[in-house]
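Chains as they are written, first to last, in this note's numbering: chain A, 1 to 214; chain B, 1001 to 1214. Glycine included, every Cβ here is placed at the ideal spot set by N, Cα and C.
There are 2 protein chains.
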Amino acid sequence: MVETSGVGTTGLRERKKQRTRWALTDAALDLFLAKGYEATTIDEIVAAVDVSQRTFFRYFAGKEDVVLAIMKEYDQVFLATLVDRPGDEPPITALAAAIHHVLDSVRSADEEHAGRFAKIRDVIEHSPALEVAQLRYFSELEHELATILARRMNVDLATDLRPTLIAATFLTVMRIGFEGCAHEGLFQPDEVASRIEEVFAVAAETLPGAWSAA
Amino acid sequence: MVETSGVGTTGLRERKKQRTRWALTDAALDLFLAKGYEATTIDEIVAAVDVSQRTFFRYFAGKEDVVLAIMKEYDQVFLATLVDRPGDEPPITALAAAIHHVLDSVRSADEEHAGRFAKIRDVIEHSPALEVAQLRYFSELEHELATILARRMNVDLATDLRPTLIAATFLTVMRIGFEGCAHEGLFQPDEVASRIEEVFAVAAETLPGAWSAA
DNA sequence: AAACTTATGGCAGCTACTGACAGATGACAA
DNA sequence: TTGTCATCTGTCAGTAGCTGCCATAAGTTT
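Structure below.
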């Protein structure tokens, strides 16, 4: 889950690194919110934390990574939940349950996490570059998801397209949900959560009919 | 459609521009194929055509744009075909017919176009950066597509999610088809065309059942 | 306290991309 | 043909993201 600070068992070195990482993340997020992602330079971020530019790139693979790294943490919870769902559930049911679980944990998170969540959604959907980064990330996630679904469905991912199709359409629906939130200015965890579930429901109503007409 | 060279009615200036543009495109494509997209620099491309770097950026918005611009031409045919489909067809049927038409025209194109098509598909699916660019482009296309579908379905795009959902899932299926081609080394127009139709068929069989279980 | 490991900073450099200005070149009219 | 005009082109200088290299500083271990 989202680990805010290292526990006592870790050394000073490790704790310092965690602190630097979060300092960079928070500084970056605030700057992105204040003046926009594209208008914010790495130099400004590192100046706010007083580290060198070189150090920034030792913590993050790129500017985008500041935001994506946080998204990944949420998705780890999602994937872990999915793996634990009973195997006799249809894939879509398992996916729905897993996403519901994540959204619930976000909804009931403490203020620090909730604030970060809102910031991230806000920043992403206001920046073309980050939307693209999100797209790229989703396509990675799609593959992980498809792998899990293939195991669950007992089919071979390489020859059977169904796991990939389900994973991809699922993530597409999620993305449309997030975009819808941005469109209506919804960034708070509970607002986003209910919107996502709403979009998912519409998709479940629409897609079967739409695709069976082919 | 894909206009290879300006007709006699245009002036010398215009013809020169077309020539430069295609020279840049072909040089870039060949370099991308030979040494990879990311490893190819703008300097190498412009050196091959003997123009300045600045000129390159007057023709193309960026390195990616060389490839995307060609894709756009195909998609113009696709969108135009879609608009002309009878209004009483279900959206998916119209989409299937439109994509079938484009694939057919690609299949029966002359060698120059067929070669370019193969190159493009080859280059894209071997380059992470271009795959991302394609993702970004697809999301633009998704919006255009959704707009057309909304008109066709007589609903408001802003409040009704269904056109967007159908457009998005359709493009997702197309993307998976293209990825599948790359995975199996299929780049020739006819191979790609039949593979796409195949994937579309699997999607039409899979998605209704998969999503109705929600 | 010495020896070892790892994080950091500074620097030099590469690539994509842009704005501004000046010169070349085709378009058009007298 | 010539002169005027529009526009295309090259040059240059600069920005931003990102990387490799090396010396040094800081934490860790014995």
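Ranked by how close their Cα comes to the Cα of T1020/B, the residues F1032/B, T1041/B, Y1037/B and I1045/B have I1045/B in first place. In the displayed model, E184/A falls within coil according to three-state DSSP, outside both helix and strand. Pairing A1129/B with E1038/B gives a Cβ-Cβ distance under 8 Å. Contact annotation: E179/A and E125/A have beta-carbon atoms nearer than 8 Å. Per the C-alpha coordinates, the member of P1208/B, A1109/B, G1209/B and A1204/B positioned closest to A214/A is A1204/B.
Taking 8 Å as the CB threshold, R1136/B lines the interface with chain A. Only exposed fits A47/A, as fewer than 16 other CB atoms lie within 10 angstroms of its CB. Minimum Cα-Cα distance from S105/A among the listed residues T159/A, I166/A, S194/A and L12/A corresponds to S194/A. Close to chain A, meaning a Cβ-Cβ distance shorter than 7 Å, are the following residues of the stretch 1089-1114 of chain B: P1090, P1091, I1092, T1093 and A1096.
In the three-state scheme derived from DSSP, where H, G and I count as helix and E and B as strand, L1161/B is classed as coil.
Burial state of R58/A is exposed, judged by a 10 Å Cβ sphere holding fewer than 16 other Cβ atoms.
For a Cβ distance threshold of 7 Å, residue set L135 of chain A lies close to S1139/B, ordered along the chain.
Around A1098/B, the same chain offers F1078, T1081 and L1082 as residues with beta carbons nearer than 6 Å, after the five sequence neighbours per side are excluded.
By alpha-carbon distance to A1028/B, the top candidate from K1016/B, Q1018/B, G1011/B and F1056/B is F1056/B. Residue-level contact check: I196/A does not touch chain B, since none of the beta carbons of chain B fall below 8 Å from its beta carbon.
For L1082/B, no Cβ of chain A is located within less than 8 Å of the residue's own Cβ.
Within 7 Å of the CB of T1169/B, the CB atoms of chain A belong to T169, T172 and L207, in sequence order along the chain.
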